[in-house]
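Peer 1: This is the structure I have questions about; it appears just below.
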Amino acid sequence: MVPESGWGGSSAAVSGRKIVLVVEDDVLLRLAISETLREAGYFVLEAATSESAMVLLASYDVALLFTDIKLDGVLDGTALARVARRHRPDVIVIATSGMEEPTGLDPDVTFVPKPYQPEMIVDLMNDRLN
3 MVPESGWGGS SAAVSGRKIV LVVEDDVLLR LAISETLREA GYFVLEAATS ESAMVLLASY
63 DVALLFTDIK LDGVLDGTAL ARVARRHRPD VIVIATSGME EPTGLDPDVT FVPKPYQPEM
123 IVDLMNDRLN
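Put into structure tokens, the structure is as follows:
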């Protein structure tokens with residue numbers, strides 16, 4: 003559920019760092035990539051479901067969405083990316099999955115197959131955000 007205030011809320015708490023939202027239902031993978039991104043200087047938000055991701059997207063000025071394709075919740079990662087882009091066309095999306103590359107991703111969504119090296123994700127994010 004999206005808060006009444008709409009999409010793209012406050013980013014005042016992040017001290018000029020880019021906000022990245024990691025959406026991954028596997029807690030160990032989510033913690034590992036989130037920690038690596040924090041060490042790289044990003045302000046990282048975490049969500050295990052598409053519903054909690056939508057609340058965070060509505061509440062923060064997220065620059066990049068890093069989402070698993072297969073998620074618990076109402077939406078999968080492909081649909082989550084579309085909803086995020088509908089409300090925030092400038093959000094960069096990187097999608098990942100342990101399955102083969104999904105069909106239906108928008109052409110400018112970067113797909114990264116699992117398993118991936120966290121440092122490679124940092125390099126990719128640095129490239130896409132700069």
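For the sequence shown, this note's numbering begins at 3 and goes up steadily by one. Each residue gets a CB set at the ideal place from its N, CA and C atoms; glycine is no exception.
#1: Which ranges does the beta strand (DSSP E) cover as unbroken runs of at least 3 residues, wholly within the stretch 30-56, from first to last along the chain?
#2: Grouping DSSP H, G and I as helix and E and B as strand, with all else coil, what is Val-58?
#3: Following the continuous beta strand (DSSP E) through Ala-86, name the residue where it begins and the one where it ends.
#4: Would you call the stretch 51-66 and the stretch 17-30 in contact, with 3 or more CB pairs under 8 Å?
#5: Which residues in the same chain as Thr-98 place their Cβ atom closer than 6 Å to its Cβ, once the five residues preceding and following it in sequence are excluded?
#6: With DSSP as the reference, please indicate the residues paired to Val-24 in a beta bridge.
#7: Beta carbon of Val-124, beta carbon of Phe-68: below 8 Å?
#8: Using the DSSP secondary-structure output, state which residues sit across from Pro-104 in a beta bridge.
#9: Is Thr-80 buried or exposed, if buried means 16 or more other CB atoms sit within 10 Å of its CB?
Peer 2: A quick look at the data gives this:
#1: Every beta strand (DSSP E) stretch that sits fully inside the stretch 30-56 and reaches 3 residues is listed by chain position as 45-49.
#2: Before going further, note that residue 58 is Leu rather than Val in the sequence given. DSSP, reduced to helix, strand and coil, places Leu-58 within a helical segment of the structure shown.
#3: Run containing Ala-86: none in the beta strand (DSSP E); it sits in the alpha helix (DSSP H), 79-89.
#4: As far as the Cβ criterion goes, the stretch 51-66 touches the stretch 17-30, which means the pair count is three or higher.
#5: A distance below 6 Å between beta-carbons, with the five flanking residues on each side excluded, links Thr-98 to the following residues of its chain, in chain order: Asp-70, Val-114, Lys-116.
#6: Secondary-structure assignment with DSSP links Val-24 through a beta bridge to Glu-48, Phe-68.
#7: It is not a contact, given that the beta carbons lie outside the stated cut-off.
#8: Per DSSP, none; premise fails for Pro-104.
#9: Classification of Thr-80: buried, given that the 10 Å Cβ count is 16 or more.
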